[in-house]
Amino acid sequence: MTLRLNQLMVFATPIIIATLVVIAPVQAADTELPQSEQGLTLSDQGIQKSADGGMLEALMFYICAAVVLGSGLAICLSKNIVRMAVYLFGTLASVALMYFLLLANFIGVIQLIVYAGGTLILLIFGVMLTSKSPWAKFDVKRNEMIAAGVICALFAGMLLMVVVNAEWPLETDAVVVGSSMTQFGSALLTDYLVPFEAMSVLLLVVMIGAAYMARQE
Amino acid sequence: MGNYEIALCLGVVAPLFMFAVLAFVGHRIGKPTSGWVAVLGVLISLGCATYVLTGWLSATDKAALMATTGYDWVVLNLFGNEMPIEFKVKLDGLTVMMYFMVTLVSTCIFVFSIGYMAGHSDEVDGQCKFHRFFCYLSLFEFSMLGLLISSSIFFLFVFWELVGLCSYLLIGFYFDKKFASNAAMKAFITNRVGDFGFLLGLMLVFVFLQTFDLDQAAATFRNQYETQSGIFAADIDILGWHVSGMDLATLMGIGLFCGAMGKSAQFPLHVWLPDAMAGPTPVSALIHAATMVAAGVYLVARVFRLLTPDAQFFIAVIGCITLTITALIAIVQIDIKKVLAYSTLSQLGYMIFGMGVGAWPAALFHLITHAFFKAMMFLGSGQVIEGCHHVQDMRKMGGLRKKMPVTCWTFLIGVAAIAGVGIPGAHIGLGGYFSKDEVLAVAYERAYNWEDRFGGHAAEGGHREGDAHSAAPALRSGQVIFASGGEHADSHADAGHGGGHHDDPVLAGIAAKQHKIPKWMFWLPIIIAYVTPFYMMRCWWMTFMGKPRDEEVHHHAHESPLMWAPLIVLAAGTLISSFYMFRPELGEAAAHATQAPLVVSVDGEVPNKAQHELLGLSHDKDKDPHAALIGIVGFAWVAGIGLAILIYRNGLDLAERIRRLPLIRFFHWCLMEKLFFDHIYDTVLVGGTKWVLAQVSRAVDTYIIDGIANLLGRSTVRIAEFSGNIMDTGGVDGLVDAIGESTQGVGEMVRQPQTGKIRNYIMFGTAGAVLVLAAMIAVVLS
Amino acid sequence: MFEIGLTHYLVVATLLFVMGIYVMMTKRNAIGILIGVEMVLNGANINLVAFNRYNGMSGIDGQITSLFVIVLAAAEAALAVAICMNFYKNLNTVDVDHGDTLAG
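Set out below in structure tokens:
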């Protein structure tokens, strides 16, 4: 059964993602920020979605969620590290699509570029550089898997209980959301300047550190 | 920023740059060269210091030169108003002189270190220690100079911790030796105790004065005293203990002083300094004699305006105790470096005592001369230790003067300076002669003439109140005040110096609160003034004079030019600083740094007189404390040195016989055991902590771990009994295995958490999170 | 049902998060654990962006934070791969269960 799901996902994931990539611009256009005299604010019409838009958004969300969770589950069940990496791509890409749905276009793009484009490649390189055979398997004891499953199920159950029952103070109607590059740029160079600089130093350190650790001899 | 500030900053940054160079490419530079790199950095600092000093000395209007420039590092928004934490360079007399002293001394020591460390830096784990030593020294130089130029207490604290770190690194430089790493930890931990108090003081400054800038804080403090607001209006109950505003202000001062107590190794935190001698000798000279330990005194000098009379009294008491006990311990030491360490402690005690009784300029004067001659003596001892191949025991030395002439005679200059050799009445003498005389003169005034002067004055001022205030030579808030005659003050006002401060009722008001110090606080330093020459001469004589006591050691002894050249420079520094250097400038610095109505009349010819007037001491011959002191301590050095020569003239036999005398034997034992401070701390603090921890862990052991183990054991036994019965009755052999397996399973389960496997740890972590979450949900639901 | 709200995203994020933890627990391949970490970070990130969308105080604070998380994740991945390679060099395997030398 595991095998079947795996195989299914291998084929389904690219198809679903391709579909989503086609549909996403439609959705994005639907919730496009009106660049009106109000600047970068989302007007009332933008928030109060039409029934069609709502339907479409819901559809998009469910597909995304299905891919995210489906490939996540596949990662959990897969025993092959290369397959896991491929499923991870499914997860990451559909999370990026979720960001588009959440009107966080910039973050979505960054997610695709950095994660799907960079981190994933890095991981696959790691696999190739470290395994004697890419198909090597490390089996885990069944009781360990069961214990992990029980703990995770409990954890998930409780977290969901909290998430579903909590009353989040929603301010959607009053919200002005946007994520233009301009906003990001000015935020990064004003309010978030210090973390931004710290982050750049961190990246430098990581670059040196990784090169140092991975060097030969 | 003016040229001088830029020069000061450049002087600070140069060693930092060299630190970076040595840290990153030091191992490539090689053995002698990396030392010269560090010397280059400190030479740049010295150049800057000289430039600033010459500019400062030649300037006619020094007030115009004084500056505090820089920028706001962080602006906090507190209590509704903005509070900047500034990074600013402070340029005033105190900074300039300390800066010059530190750079000059450290240049000599850096050069000396190249010669010294060549034989003392073996390879450890394939890493050459040589460049690391200079790397740390450069970092220290940077931190120390940064400490001197900081205008805010906050940055002072930052650099304060940095010098503490460097001290730690350098004491533990031979970290592969157990005693060295222990000494480093002891120094660090003892300093933490002091710094805790310092932090508390900083918090009080932060909360009540709302600024870290020294000048602003002082102004605010004074203003709050005048209006009885801020800290003086505070009225707090701490654990049922009522603290009034004045007490809180005192607490603030004592808190700040606690930092100085740690760093300057004052009683009761003095125990780390003798152990710190485990570091290389140049380190002892630079950090643990000349500069870092003096930073405590410098701190007190800087925050002097924030000290209330009570706080000053506390400081004086601490200084007095320190200088007494450590000088006594120094008498019996046989390790040449330990003698110097205890004498350093004693001299630091003198400085702190001087600060406490209000002899601000005298204490700093002593600081500067002491830095020169003590650094010189430490380097001399380093030379001896190096020459004798790591022998530090003075009993094995003797007769080294022919082998090491330069070391011998420069060391003698140091001994003379610390002993206070001088000719009373003629104003000829070496460093200690003047500075001790001045400190003691002030102590004498405080102990004997205080009430006469001030009390008499107040009575006289009864009929003309305004003048009484003007005559009260009160210094700034909570500062030592010396009552001089009204006409006296007037005459100085006529002289055109410091006249503007005279009608100051606030100062007069505080003057009335000033303590008269108890008489023992005058007599103890007097006694120690006799003891100091004795133990220093003992040290010198045992090392350099007499017959060689160990042929082996004597045979190897030698000098090297790289190491004695700095000694000569420092000896010259000692002589020059004794006679002339900085004395008038220190007076002026005092006037500024304490904002006191001090009357400075510097004629340059009679330094004592300048000091005299600076302190507002009377000109009246009958009441002149110096005249009184000549009789009491003027010839202390003759007595001390004479006694030492008498005893040690013919080797150690006589000393040994004296030691065997019944009562002296007991005292000797006490002193050899350092008056039991280490034992007490070891028993009470370390032992106490260990005891508490032992109790706690024993409780955990007996009640929790044993409980679980017993439970498991008992349940296993029960299971075994139960199944045993079944087996007996039913005869089912297979169950035996099941029992064994279940027992094993239980063991396995208990053993599980210690797998060392990361995945399991993640699992346990998550399980813990689940439990916490469950508990939270349960709480919310219930 | 068709009105997608904050809770929907949070549910997805939670599940992704927990799956990531499960992956960390059950994969013996070091790279597999790394994949689990990435999933966990993604789950957290979805939270940040979703809160920003539905609960944000007219700013993009949540998105900025998630940006930082992405950067950190990338840095962490680079370092972790380097660590994996060191691990492989020393133990000749990437099986983390062999990394228990210090377990005593």
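Chains as they are written, first to last, in the working numbering: chain U, 878 to 1094; chain G, 8 to 789; chain H, 862 to 965.
Every residue, glycine too, gets a C-beta built ideally from N, C-alpha and C.
The structure presented is a predicted model; accordingly, all values stated were derived computationally and were not measured.
Asked                                                                                                              : Found
Straight-line gap, T333(G) to L53(G) (C-alpha atoms, nearest Å)                                                    : 33 Å
Residue range of the alpha helix (DSSP H) that includes M151(G)                                                    : 136–156
Assigned exposure category for D1068(U) - 16 Cβ within 10 Å defines buried                                         : exposed
Residue range of the beta strand (DSSP E) that includes W248(G)                                                    : 248–250
Residue-level contact to chain U via CB, L951(H), 8 Å cutoff                                                       : Here residue 951(H) is Asn; the residue named in the question, Leu, does not match the sequence. It does not; no Cβ of chain U falls within 8 Å.
Same chain, Cβ closer than 8 Å to Y537(G), five either side skipped, listed in chain order                         : V640, A643, A646, G647
Simplified DSSP state of P1046(U), which is helix, strand or coil                                                  : coil
Neighbour-count burial assignment, S159(G), 16 or more Cβ in a 10 Å radius                                         : buried
Contact set for G507(G): own chain, Cβ-Cβ below 6 Å, skip 5 residues either direction                              : Because G507(G) sits at a pLDDT of 33, beneath the cut-off of 50, its placement in the model cannot be relied upon, and the following sentence gives the value as read from the coordinates. Excluding residues within five positions, none has a Cβ falling inside 6 Å.
Within chain G, partners of V957(H) - CB distance below 9 Å                                                        : K764, I765, R766
As assigned by DSSP and simplified to three states, the class of P39(G)                                            : helix
Where I865(H) meets chain U, residues with beta-carbon distance less than 9 Å                                      : G931, E934, A935, M937, F938, Y939, L978
8 Å Cβ cutoff met for A302(G) and W167(G)                                                                          : yes
Contacts that F1032(U) makes with chain H (C-beta to C-beta distance below 8 Å)                                    : V879, I882
Test: L1066(U) CB closer than 8 Å to a CB of chain H                                                               : no
Any chain U beta carbon closer than 8 Å to A579(G)                                                                 : no
Distance CB(L50(G))-CB(Y106(G)) smaller than 8 Å                                                                   : no
Close-in-space but distant-in-sequence residues of the same chain around L83(G) (CB under 8 Å, 5 per side omitted) : E89, M90, P91, I92
Limits of the unbroken beta strand (DSSP E) element including K381(G)                                              : Counting along the chain, K381(G) falls outside any beta strand (DSSP E), though it belongs to the alpha helix (DSSP H) covering 367–394.
Whole-Å CB distance - L659(G) paired with R408(G), under 8 Å assumed                                               : Contact flag wrong, Cβ pair sits at about 17 Å.
Paired residues, beta bridge with E89(G) - DSSP                                                                    : N84(G)
Any non-hydrogen atom of the ligand NAD closer than 7 Å to W698(G) Cβ                                              : The model depicted lacks the ligand NAD and carries no ligand whatsoever.
Residue-chain proximity (M756(G), chain U), Cβ-Cβ < 8 Å                                                            : no
Enclosing alpha helix (DSSP H) for D244(G) [first to last residue]                                                 : Not the alpha helix (DSSP H): D244(G) falls in the beta strand (DSSP E), residues 243–245.
Runs of alpha helix (DSSP H) wholly within the stretch 265–328 of chain G (minimum 4 residues, chain order)        : 279–282, 288–292, 299–309
Alpha-carbon spacing of T696(G) relative to R1092(U), whole angstroms                                              : 46 Å
Residue burial classification, H295(G) (beta-carbon count within 10 angstroms, cutoff 16)                          : buried
CB contact below 8 Å: A1024(U) versus chain G                                                                      : yes
C-beta neighbour in chain G for M1084(U), strict 8 Å                                                               : no
Whole-number beta carbon distance between L209(G) and F164(G), since they are thought to touch under 8 Å           : 6 Å
Closer than 8 Å to chain H by CB, M770(G)                                                                          : yes
Chain G contact for M900(H) (CB, 8 Å cutoff)                                                                       : no
Length of the line joining the Cα atoms of I430(G) and F379(G)                                                     : 21 Å
Segments assigned alpha helix (DSSP H), at least 4 residues, entirely inside the stretch 658–696 of chain G        : 660–667, 669–679, 684–687
Cα-Cα separation between N947(H) and M1090(U), rounded to whole angstroms                                          : 7 Å
Beta-ladder partner(s) of Y357(G), from DSSP                                                                       : Beta-bridge pairing links Y357(G) to no other residue.
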